[in-house]
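Asker: Here the sequence shown stands for residues 8 to 110, where the numbers follow our numbering.
Note that CB positions come from ideal geometry on N, CA and C, so glycine has one too.
Since we're looking at a predicted model, the values are computed, not measured.
One structure, pasted below without further comment.
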Amino acid sequence: MAKEIIVKEAMKTNLAVVDPSITVIEAAKIMKKRKIGNVIVVQDKQPVGILTESDILKKVVAEGKNPGEVLVKEVMSTPILITDPYISLEEAMKKMSKCNVRR
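See the structure below:
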């Protein structure tokens with residue numbers, strides 16, 4: 008029988024974080040430099056949201072807004088889904104699917 012993998016064994020721990028008051032263009036540059044598709048938005052050392060490539064495309068680009076003028080806090084997704092790192096990947100995937108979270 009195969010060993011059940013837990014979230015902690017598969018999760019990234021070196022996350023990129025940004026302040027909610029920076030512009031979307033600043034956040035996008037961080038994402039490009041780090042070759043990542045999202046950044047965690049942190050205020051007072053607490054995660055308050057996530058900004059994804061999809062957020063930028065749907066809420067900024069497709070709406071014809073200037074990413075140099077739009078603040079991250081205006082288009083970030085919130086609340087973020089946080090889970091126990093010791094649950095199985097299967098259980099985490101079920102939670103993600105239920106909440107329409109892709110990754």
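Beta carbon of D51: closer than 6 Å to some heavy atom of the ligand HEM?
Answerer: The ligand HEM is not among the ligands present in this structure, which contains no ligands whatsoever.
Asker: DSSP three-state call for S28: helix, strand or coil?
Answerer: coil
Asker: Would L64 and V46 be called neighbours here (beta carbons separated by less than 7 Å)?
Answerer: Note that the C-beta distance between L64 and V46 is not below 7 Å.
Asker: For the beta strand (DSSP E) containing I57, list its first residue and its last residue.
Answerer: 53-59
Asker: Assuming S95 and E11 make a contact with CB atoms under 8 Å, what is their CB distance in whole Å?
Answerer: Beta-carbon to beta-carbon, S95 and E11 are separated by about 5 Å, close enough to satisfy the 8 Å threshold.
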